[in-house]
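Asks: Residue numbers for the sequence shown follow our numbering, beginning at 16 and rising by one.
Think of the CB as a built atom: it goes at the ideal place given N, C-alpha and C, for glycine as much as any other residue.
Could you have a look at this structure, given as structure tokens, before my questions?
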Amino acid sequence: MQKKEMERDGMKKGLLGQITKFGLVGVLCFFVDYFTYRLGNCFFETTGIAASFPAYVYVSQALGFTDSVIVNYLLSMKYVFARKDNLSRKEEFS
Numbered sequence: 016m017q018k019k020e021m022e023r024d025g026m027k028k029g030l031l032g033q034i035t036k037f038g039l040v041g042v043l044c045f046f047v048d049y050f051t052y053r054l055g056n057c058f059f060e061t062t063g064i065a066a067s068f069p070a071y072v073y074v075s076q077a078l079g080f081t082d083s084v085i086v087n088y089l090l091s092m093k094y095v096f097a098r099k100d101n102l103s104r105k106e107e108f109s
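Dropping the structure here:
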């Protein structure tokens, strides 16, 4: 009976650790998104492009989102989720 309880406790700790890592990666990616957006806005405003291209805000948002999704995927695959040895990276992605 104790062995099953120990296994359950180990699974709970593993799951809690995975949830914590997932949350930390999410917070980090929020900052990647935000700072990429701000950097894009600063670039467009200081170069003068913003005056002739009012949709620059949407471009900055798209760049921030794209960067954060890529960083989220890479960090999640490296630190959050366990890699399955029987699958290639391409199969894991899909």
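1) Please report the Cβ distance between Ser67 and Tyr52, rounded to the nearest whole angstrom; I am assuming they are in contact, meaning their Cβ atoms lie under 8 Å.
2) Could you tell me the alpha carbon to alpha carbon distance between Ile64 and Lys93, rounded to whole angstroms?
3) Along the chain, where does the alpha helix (DSSP H) that runs through Ile74 open and close?
4) Do you know how far the Cα of Ala97 is from the Cα of Leu43?
5) Is Phe59 closer than 8 Å to Tyr71 when the C-beta atoms are compared?
6) Could you pull the start and end residues of the alpha helix (DSSP H) that Ala97 belongs to?
7) Tell me the DSSP secondary structure of Phe58 in three-state form.
8) What is the DSSP secondary structure of Phe68, reduced to helix, strand or coil?
9) Looking at C-alpha atoms only, which residue of Phe46, Gly38 and Lys36 is the closest neighbour of Glu82?
Replies: In short, the structure shows the following:
1) Indexing the sequence shown from 1 puts residue 67 at position 52. Indexing the sequence shown from 1 puts residue 52 at position 37. At roughly 20 Å, the Cβ-Cβ gap does not stay under 8 Å, so Ser67 and Tyr52 are not in contact.
2) The residue you call residue 64 lines up with position 49 of the sequence shown. The residue you call residue 93 lines up with position 78 of the sequence shown. The alpha-carbon atoms of Ile64 and Lys93 are separated by roughly 38 Å.
3) Locating residue 74 in the sequence shown gives position 59, counting from the first residue. Checking the sequence shown, residue 74 turns out to be Val, not Ile. Val74 -> alpha helix (DSSP H) spans Tyr71 to Leu90.
4) For the purposes of this step, residue 43 is taken as the residue at position 28 of the sequence shown. For the purposes of this step, residue 97 is taken as the residue at position 82 of the sequence shown. When rounded, the distance between both Cα atoms is 20 Å.
5) Start at 1 with the first residue of the sequence shown, and residue 71 comes out as number 56. Start at 1 with the first residue of the sequence shown, and residue 59 comes out as number 44. Taking 8 Å as the Cβ cut-off, Tyr71 and Phe59 qualify as a contacting pair.
6) Position 82 of the sequence shown, counting from 1, holds the residue named residue 97. First-last for Ala97: undefined, no H or E at that position.
7) In the sequence shown, residue 58 corresponds to position 43, counting from 1. Reduced to three states, the DSSP call for Phe58 is helix.
8) The residue you call residue 68 lines up with position 53 of the sequence shown. It is coil, neither helix nor strand.
9) On the sequence shown, residue 82 is found 67 positions in, with the first residue counted as 1. Here residue 82 turns out to be Asp, not Glu, going by the sequence shown. When only C-alpha atoms are compared, the closest one is Phe46.
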